[in-house]
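The block underneath contains the structure these notes are about, expressed in structure tokens.
In my numbering, the protein residues as written are 1 to 101.
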């Protein structure tokens, strides 16, 4: 009895795999991406009307070293050390919360 059930399961799986393959081939023939992960442009166009990538480009830092923040000082990294462009100033300074002069 188990052997007969196994045969039917194999036949059903083969039928399903063939059906799904035919559907993928039909969709691929129309020029649509069928398999693989969606890229950010596809997700953005579908869910955010093109605003996600625009905002990401706007917020992207141009230069991680020597980026200047408020008061003309360099920005802090995640360890609260200043990012400096000049190699002679690689030693970290104490961060201050108030801008002076």
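Glycine included, C-beta positions come from ideal geometry on N, C-alpha and C. Treat the numbers as computed from the prediction; the structure is a model and nothing was measured.
By the CB criterion at 8 Å, residue 34 and residue 24 fall inside the cutoff. Assignment of residue 13 by DSSP, reduced to helix, strand and coil, places it in the helix class. Residue 50 and residue 13 have their C-alpha atoms spaced approximately 40 Å apart. The beta carbon of residue 8 lies closer than 8 Å to none in the same chain, with the five residues before and after it left out.
In the three-state DSSP reduction, residue 52 falls in the helix class (H, G or I).
In this structure, residue 53 places its C-beta atom within 8 Å of the C-beta atom of residue 40. Just so you know, the alpha carbons of residue 6 and residue 55 end up roughly 54 Å apart. For residue 42, the enclosing alpha helix (DSSP H) covers residues 40–47.
C-alpha of residue 20 to C-alpha of residue 79: approximately 51 Å in a straight line.
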